[in-house]
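Everything on this sheet refers to the single structure shown next.
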Amino acid sequence: MDRQQLADFLRTRRDAITPEGVGLPSGQRRRTPGLRRQEVAQLAGISVEYYIRLEQARGPKPSRQVLGALARALVLDHDERAHLFHLVDELPEADSGREVPQAVRNLLAGLDDFPAYAMDTCYDMIAWNDKAERLMGYLSALSAPQRNILRTNFSGDGVAERLADPSIRRFLADSVSDLRASYARNPGDRKLKALVEELLRTSPEFGELWADHRVAVRTAQRKRVVHPEVGPLEFDCQVLDVPGTGLRLVVYVPQPDSPTAAAFRRLSRVTSATPAPPV
Numbered sequence: 001m002d003r004q005q006l007a008d009f010l011r012t013r014r015d016a017i018t019p020e021g022v023g024l025p026s027g028q029r030r031r032t033p034g035l036r037r038q039e040v041a042q043l044a045g046i047s048v049e050y051y052i053r054l055e056q057a058r059g060p061k062p063s064r065q066v067l068g069a070l071a072r073a074l075v076l077d078h079d080e081r082a083h084l085f086h087l088v089d090e091l092p093e094a095d096s097g098r099e100v101p102q103a104v105r106n107l108l109a110g111l112d113d114f115p116a117y118a119m120d121t122c123y124d125m126i127a128w129n130d131k132a133e134r135l136m137g138y139l140s141a142l143s144a145p146q147r148n149i150l151r152t153n154f155s156g157d158g159v160a161e162r163l164a165d166p167s168i169r170r171f172l173a174d175s176v177s178d179l180r181a182s183y184a185r186n187p188g189d190r191k192l193k194a195l196v197e198e199l200l201r202t203s204p205e206f207g208e209l210w211a212d213h214r215v216a217v218r219t220a221q222r223k224r225v226v227h228p229e230v231g232p233l234e235f236d237c238q239v240l241d242v243p244g245t246g247l248r249l250v251v252y253v254p255q256p257d258s259p260t261a262a263a264f265r266r267l268s269r270v271t272s273a274t275p276a277p278p279v
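If you're matching positions, the sequence shown starts at 1 in the UniProt record's numbering and goes up one per residue.
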């Protein structure tokens with residue numbers, strides 16, 4: 001922990017914020033260009049004495065809860081928040097990914113030829129384009145918990161049958177390995193921890209794969225699925241990180257002029273589809 005760097009960072013961020021920016025009256029007799037120390041302490045829900053010690057580079061190491069409170073009080077952006085955590089040798093809080101940048105939504109909408117969706121570290125599908133809706137058949141009709149790829153594939157009927165398919169088992173095994181890597185990178189992510197605990201409690205199949213301790217960040221892979229409307233499909237599944245968001249774009253790309261490419265074109269004309277687990 002670099003106490004002096006932390007002190008300097010807190011002081012400069014405090015000076016950069018106006019009272020009006022955090023809903024406080026500006027007053028007529030302010031001697032500081034930004035917030036007062038007591039105002040930051042009040043906004044963060046900590047004692048003034050404790051905050052003063054931090055700015056004087058002599059305080060104890062803040063907890064993750066205090067760091068989060070300070071980040072909110074100082075209105076830190078994503079990069080500043082991560083820097084605050086790094087200054088005290090902590091991994092930043094994981095971004096839930098629930099706020100999908102408009103640029104990402106525009107990109108998804110513009111991918112007319114390919115099914116694509118955005119997912120967070122917990123494998124929640126939180127935004128998708130029309131082609132993905134038609135390929136998967138039911139995304140808009142489901143609640144957010146039901147759009148979790150791992151929960152859907154490891155629960156309910158048919159888990160054993162899905163895992164008996166080599167292609168699906170490889171995909172799920174790779175996804176669990178990727179989830180384990182995310183779990184290690186984001187130790188403070190309560191949502192991620194809750195998902196793992198839920199799957200360990202409800203799915204022996206997930207528990208078996210989790211117990212392997214295999215770690216691998218998910219990247220591009222070849223997929224084969226059978227769609228109830230257009231039949232067998234084979235495509236490259238590209239996984240693209242969206243920096244600063246905690247999101248990844250998953251894009252299904254068929255070979256040009258392949259039967260799958262023709263099937264994707266037919267999907268554009270399909271008005272309804274039979275529900276199937278997300279892939």
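For each residue, glycine too, the CB sits at the ideal point set by N, CA and C.
Member of the options whose CA lies at the smallest distance from the CA of residue i
i: E39; options: Q65, R58, Q56 and L70; result: L70
i: A144; options: G34, R266 and A127; result: A127
i: S182; options: F206, Y123, G231 and L240; result: Y123
i: E234; options: R214, L108, A261 and V215; result: A261
i: G34; options: V75, D157 and A103; result: V75
i: H213; options: G246, E229, D178 and L247; result: D178
i: D174; options: R81, A220 and P256; result: A220
i: F85; options: L267, V100, M1 and A164; result: M1
Residue i - DSSP class collapsed to helix/strand/coil
i: N186; result: coil
i: G110; result: helix
i: Y50; result: helix
i: A211; result: coil
i: K61; result: coil
i: L70; result: helix
i: Q238; result: strand
i: L247; result: strand
i: V217; result: coil
i: V230; result: coil
i: D77; result: coil
i: G97; result: Reliability fails at G97, whose pLDDT of 43 lies under 50, so the model's placement of it is uncertain and no value is given.
i: S272; result: Because S272 carries a pLDDT of 45, less than 50, the predicted location of this residue cannot be relied on, and the following value inherits that uncertainty. Coil, per DSSP.
i: M136; result: helix
Supposed close pair residue i, residue j - CB separation, criterion 8 Å
i: Y50; j: R37; result: Between R37 and Y50 the Cβ distance is about 10 Å, and since that is not below 8 Å, they are no contact.
i: R222; j: P232; result: Not really, about 13 Å apart at Cβ, beyond 8 Å.
i: V250; j: V239; result: 6 Å
i: D236; j: V253; result: 5 Å
i: R180; j: W210; result: 7 Å
Nonlocal neighbours in the same chain, by C-beta distance under 7 Å from residue i, ignoring five residues either side
i: M125; result: Y117, M119, L139, R147, I149 and P278
i: I46; result: V66 and A69
i: V230; result: A263, R266 and L267
i: V48; result: R37, Q38 and A41
Cβ neighbours of residue i in the same chain (closer than 6 Å, five flanking residues each side left out)
i: R14; result: G34, L35 and V40
i: R3; result: A57
Nonlocal neighbours in the same chain, by C-beta distance under 8 Å from residue i, ignoring five residues either side
i: L87; result: M1, D2, Q5, L6 and F9
i: V226; result: P232 and L233
Open item on the list: With three or more beta-carbon pairs closer than 8 Å as the criterion, would you say the stretch 125-143 touches the stretch 175-190?
Closed with: With the cut-off at 8 Å, the stretch 125-143 and the stretch 175-190 do not touch.
Task: Contact between the stretch 150-169 and the stretch 193-209 (3+ Cβ pairs under 8 Å) - done: Of all C-beta pairs linking the stretch 150-169 to the stretch 193-209, three or more are shorter than 8 Å, placing the two stretches in contact.
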